[in-house]
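S.K.: The listed protein sequences correspond, in order, to chains A and B.
The letter at position 23 of the first sequence is residue 23 when you use the working numbering, and the numbering goes up by one with no holes.
The letter at position 177 of the second sequence is residue 177 when you use the working numbering, and the numbering goes up by one with no holes.
A single structure is presented below for examination.
Number of protein chains: 2
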Amino acid sequence: MFIFVRMHSTVKKSRKVQIEEKATTLFREKGYAATSMRDLAQVLGIEAASLYSHIKSKEELLQKICFRMADRFFDAWKEVETEQNSYAAKMQKAAIAYVQVITQNTDASAVFFNEWRHLSEPHLSKFLSMRNDYEGRFIEIIEKGIAAGEFQQVDSKFMMLAILSSLNWTHNWYKPNGKLSPEDVANKLSNLILNGLKK
Amino acid sequence: MFIFVRMHSTVKKSRKVQIEEKATTLFREKGYAATSMRDLAQVLGIEAASLYSHIKSKEELLQKICFRMADRFFDAWKEVETEQNSYAAKMQKAAIAYVQVITQNTDASAVFFNEWRHLSEPHLSKFLSMRNDYEGRFIEIIEKGIAAGEFQQVDSKFMMLAILSSLNWTHNWYKPNGKLSPEDVANKLSNLILNGLKK
DNA sequence: TCCTGTTGCTAACGAGCGTTAGCATGTTTA
DNA sequence: TAAACATGCTAACGCTCGTTAGCAACAGGA
Numbered sequence: 001m002f003i004f005v006r007m008h009s010t011v012k013k014s015r016k017v018q019i020e021e022k023a024t025t026l027f028r029e030k031g032y033a034a035t036s037m038r039d040l041a042q043v044l045g046i047e048a049a050s051l052y053s054h055i056k057s058k059e060e061l062l063q064k065i066c067f068r069m070a071d072r073f074f075d076a077w078k079e080v081e082t083e084q085n086s087y088a089a090k091m092q093k094a095a096i097a098y099v100q101v102i103t104q105n106t107d108a109s110a111v112f113f114n115e116w117r118h119l120s121e122p123h124l125s126k127f128l129s130m131r132n133d134y135e136g137r138f139i140e141i142i143e144k145g146i147a148a149g150e151f152q153q154v155d156s157k158f159m160m161l162a163i164l165s166s167l168n169w170t171h172n173w174y175k176p177n178g179k180l181s182p183e184d185v186a187n188k189l190s191n192l193i194l195n196g197l198k199k
Numbered sequence: 001m002f003i004f005v006r007m008h009s010t011v012k013k014s015r016k017v018q019i020e021e022k023a024t025t026l027f028r029e030k031g032y033a034a035t036s037m038r039d040l041a042q043v044l045g046i047e048a049a050s051l052y053s054h055i056k057s058k059e060e061l062l063q064k065i066c067f068r069m070a071d072r073f074f075d076a077w078k079e080v081e082t083e084q085n086s087y088a089a090k091m092q093k094a095a096i097a098y099v100q101v102i103t104q105n106t107d108a109s110a111v112f113f114n115e116w117r118h119l120s121e122p123h124l125s126k127f128l129s130m131r132n133d134y135e136g137r138f139i140e141i142i143e144k145g146i147a148a149g150e151f152q153q154v155d156s157k158f159m160m161l162a163i164l165s166s167l168n169w170t171h172n173w174y175k176p177n178g179k180l181s182p183e184d185v186a187n188k189l190s191n192l193i194l195n196g197l198k199k
């Protein structure tokens, strides 16, 4: 057995982690409801019943994926709080932090954005309130930016939705091995948001 | 029996149309895979087996919803072709036409954007090629706008994705009876796209 | 009046679902 | 060496799935 975590490539992943990873991929590709435990078992080369030696339920997998992503987004926000110059700069930092989380976890992001509605209570409510919290942080930046005279006078909630939706979409096309780094993507997007398409 | 189509409110809808409408709502709320024919039958007050006097299969419902939306998007594009002034104006017209289709069909839009992957072949391929066609039209406007010196020099495909994603998101929050008209939404969004958030 | 179309039912089909029980094997830890 | 853990199996549970067969009631048009 290897010593725990030496290099990424040589880590022996626990079966549980392997299951979670394959589940993430499958949930992304086929959707949560359309992915069966037998599908999941098959890609791991075991029987469906064997999965239950490692996990509690199918939904537990979804919960792990969704709330782990939520944690990553909140963690990334710490970067935003360090920014003290302008609200434009703060918005840019928020976009960069956000896009970085997405591009570093494209499969989990897709599940996070598309499959959360299959969470049961009370997880669903918790998820929605976290999302609400996060969206509020973007609204706050926009509103303070308007008050400070930096931004156009726009409907802040409306603008938050437009901005986040273009950031959220990133997981659908971003290729981790492509020519664009997460920073490139985030910078291009925040440039579009702040300055628009026109010259 | 009423004469066919006199007023919206007094039209006697065929059972088939009623089924398609309820299916659209359910597919939107629960997702295609998680919606059962028994669910659908229940909201109509009939037995699941009775549905099959009117429709061929569950997937046929999804196909109808998806391709009817696709038709609406292509229809709406005719408006864009009439615009001859500037590429900014053309982009604005495209955004308006697009958002109008979405806001006038929020449930069907949600299904169109989220459930298309459950289409089987050859419908899936047809769907994807139509989407590709449509995206290409946005790319063309962006590229010609850049060539004409109207737009910043940006990656046109990247920009198309960012723009469409913020338009696509509209169905998630738009309230048909709210204070914003489809035109309002479209104008605000195209203003953001063209001019950005900054003053 | 007969025909055709619309609408709906009950009963049932084979298949797949998530999950549990109970057991076996090998590996690590004490 | 013994206990504990990790990993996997077969068999099966109760349930739901989409769908079909066959039949019945009623409407509108010829």
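By construction, the Cβ of each residue, glycine as well, lies at the ideal position given by its N, Cα and C atoms.
For clarity, every value in this text was computed on a predicted model and none was experimentally measured.
1) Can you find a CB in chain B that lies within less than 8 Å of the CB of K179(A)?
2) Considering only residues of the same chain and omitting the five flanking positions on each side of L61(B), which have a CB-CB separation below 7 Å?
3) Starting from E150(A), trace the alpha helix (DSSP H) in both directions and tell me its first and last residue.
4) Starting from the beta carbon of L161(A), find every residue of chain B whose beta carbon is closer than 9 Å, and list them in chain order.
5) Can you tell me which of the three DSSP states K56(A) falls into?
6) Counting only Cβ pairs nearer than 8 Å, list the residues of chain A close to F112(B).
7) Please decide whether H118(B) counts as near chain A, where near means a Cβ-Cβ distance under 8 Å.
8) Please list the residues of the stretch 142 to 162 of chain B that have a C-beta atom closer than 8 Å to any C-beta atom in chain A, keeping them in chain order.
9) Just the chain B side, please: which residues come within less than 7 Å of N195(A) by C-beta, in chain order?
10) How many Å lie between V43(B) and L26(B) at the Cα?
11) Please classify K179(B): does DSSP put it in a helix, a strand, or coil?
12) Is DSSP giving K198(B) helix, strand or coil here?
13) Starting from the C-beta of S93(A), find all residues in its chain whose C-beta is less than 7 Å away, skip the five residues before and the five after it, and write them out in chain order.
14) Between the stretch 29 to 42 of chain B and the stretch 90 to 106 of chain B, are three or more C-beta pairs nearer than 8 Å?
15) Under the assumption that A76(A) contacts A97(A) (Cβ atoms under 8 Å), give the Cβ distance between them as a whole number of angstroms.
16) Within the same chain, show all residues whose beta-carbon is closer than 6 Å to that of R72(B), passing over the 5 residues directly before and after it, in chain order.
17) Does the distance from the CB of V111(B) to the CB of R38(B) come in under 8 Å?
18) Would you call L161(A) buried or exposed, if buried means 16 or more other Cβ atoms sit within 10 Å of its Cβ?
19) For K188(A), would you say it is in contact with chain B, using Cβ-to-Cβ distances shorter than 8 Å as the test?
20) Between the beta-carbon of G196(B) and the beta-carbon of N195(A), is there less than 8 Å?
21) Does the beta carbon of A34(A) sit closer than 8 Å to a beta carbon anywhere in chain B?
22) Residues in its own chain within less than 7 Å of Y32(A) by CB, not counting five upstream and five downstream?
23) Tell me the residue span of the alpha helix (DSSP H) that contains T106(A).
24) Can you list, in chain order, the residues of its chain whose CB lies under 7 Å from that of I139(B), leaving out five sequence neighbours each side?
25) If L189(B) sits next to A89(B), beta carbons under 8 Å apart, how far is it from one beta carbon to the other, in whole angstroms?
26) Which term fits Y87(A), buried or exposed, when burial requires 16 or more other beta carbons within 10 angstroms of its beta carbon?
27) Check whether the Cβ atoms of H171(B) and F113(B) sit closer than 8 Å, and answer yes or no.
28) For a test of your reading of the model: does the CB of A49(A) fall under 7 Å from any non-hydrogen atom of the ligand FMN? Yes or no.
29) Closest Cβ-Cβ distance between A95(A) and chain B: below 8 Å?
30) Since I believe V99(B) is in contact with P182(B) (beta carbons under 8 Å), could you give me their beta-carbon distance rounded to a whole number of angstroms?
31) Helix, strand or coil for Y174(B) per DSSP?
32) Quick check on this structure: which residue in S50(A), D184(A), T35(A) and I163(A) has the alpha carbon closest to the alpha carbon of T59(A)?
33) Starting from L61(B), find everything on chain A with Cβ-Cβ shorter than 7 Å and list it in chain order.
M.R.: Let me lay it out:
1) Numbered from its first residue, the first sequence carries residue 179(A) at position 179. So, not an interface residue.
2) For the purposes of this step, residue 61(B) is taken as residue 61 along the second sequence, with counting starting at 1. Hits under 7 Å: E20, A23 and I55.
3) Mapped onto the first sequence, residue 150(A) falls at position 150. Unbroken run through E150(A): none, as it is neither H nor E.
4) Position 161 of the first sequence, counted from the first residue, corresponds to residue 161(A). Those are S166, W169, T170, N172 and W173, listed as they occur along chain B.
5) Working through the first sequence from its first residue, we reach residue 56(A) at position 56. In the structure shown, K56(A) sits in coil (DSSP, three-state: anything other than H, G, I, E or B).
6) Translated into positions along the second sequence, residue 112(B) becomes position 112. What F112(B) touches in chain A: nothing, since even the nearest Cβ is about 14 Å away.
7) Within the second sequence, the letter at position 118 stands for residue 118(B). True, the Cβ-Cβ gap to chain A drops below 8 Å.
8) I142, G145, G149, E150, F151, Q152, V154, D155, F158, M159, L161 and A162
9) Locating residue 195(A) in the first sequence gives position 195, where the first residue counts as 1. The answer, in chain order, is G196 and K198.
10) The residue labelled residue 43(B) in the question sits at position 43 within the second sequence. The residue labelled residue 26(B) in the question sits at position 26 within the second sequence. Their Cα atoms are separated by approximately 9 Å.
11) If you number the second sequence from 1, residue 179(B) lands on position 179. It is coil, neither helix nor strand.
12) Here residue 198(B) refers to the residue found at position 198 when the second sequence is read from its first residue. Here K198(B) sits in strand by DSSP.
13) Working through the first sequence from its first residue, we reach residue 93(A) at position 93. The sequence shown places Lys at residue 93(A), not Ser. These residues qualify, in order along the chain: E79, V80 and E83.
14) no
15) Along the first sequence, one-based indexing puts residue 76(A) at 76. Along the first sequence, one-based indexing puts residue 97(A) at 97. Going by Cβ atoms, the distance from A76(A) to A97(A) rounds to 4 Å, so yes, they are a contact pair.
16) One-based indexing of the second sequence puts residue 72(B) at position 72. V101, listed in sequence order.
17) Residue 111(B) sits at position 111 when you count from the first residue of the second sequence. Residue 38(B) sits at position 38 when you count from the first residue of the second sequence. In this structure, R38(B) does not lie closer than 8 Å to V111(B) by Cβ.
18) Taking the first sequence and counting its residues from 1, one reaches residue 161(A) at position 161. By the neighbour-count rule (16 or more Cβ atoms within 10 Å), L161(A) is buried.
19) Indexing the first sequence from 1 puts residue 188(A) at position 188. Closer than 8 Å to some Cβ of chain B, the Cβ of K188(A) qualifies, so yes.
20) Here residue 196(B) refers to the residue found at position 196 of the second sequence. Here residue 195(A) refers to the residue found at position 195 of the first sequence. Yes, they are a contact pair.
21) The residue you call residue 34(A) lines up with position 34 of the first sequence. Yes - at least one Cβ of chain B is within 8 Å of the one on A34(A).
22) To locate residue 32(A), count along the first sequence from 1; it is residue 32. The residues are L62, E115 and H118.
23) Indexing the first sequence from 1 puts residue 106(A) at position 106. Start and end: T106 to N114.
24) Taking the first residue of the second sequence as position 1, residue 139(B) is located at position 139. Taken in chain order, the residues that qualify are S156, K157 and M160.
25) On the second sequence, residue 189(B) is found 189 positions in, with the first residue counted as 1. On the second sequence, residue 89(B) is found 89 positions in, with the first residue counted as 1. Not a contact, Cβ separation roughly 15 Å.
26) Along the first sequence, one-based indexing puts residue 87(A) at 87. Its Cβ being crowded by 16 or more others within 10 Å, Y87(A) is buried.
27) Your numbering for residue 171(B) matches position 171 in the second sequence. Your numbering for residue 113(B) matches position 113 in the second sequence. Yes, the pair counts as a contact, with Cβ atoms nearer than the cut-off.
28) As far as ligands go, the structure on display features none, and thus does not contain the ligand FMN.
29) Stepping through the first sequence from its first residue, residue 95(A) is reached at position 95. Cβ-Cβ to chain B under 8 Å: no for A95(A).
30) By 1-based counting over the second sequence, the position of residue 182(B) is 182. By 1-based counting over the second sequence, the position of residue 99(B) is 99. About 6 Å; that satisfies the 8 Å criterion.
31) On the second sequence, position 174 is the one that residue 174(B) refers to. Coil at Y174(B), not helix or strand.
32) The count along the first sequence starts at 1 and reaches residue 59(A) at position 59. For clarity, residue 59(A) is Glu in the given sequence; the question names Thr instead. It is T35(A).
33) The sequence position of residue 61(B) within the second sequence is 61, counting from 1. Result: empty, since nearest Cβ-Cβ is about 16 Å, beyond 7 Å.
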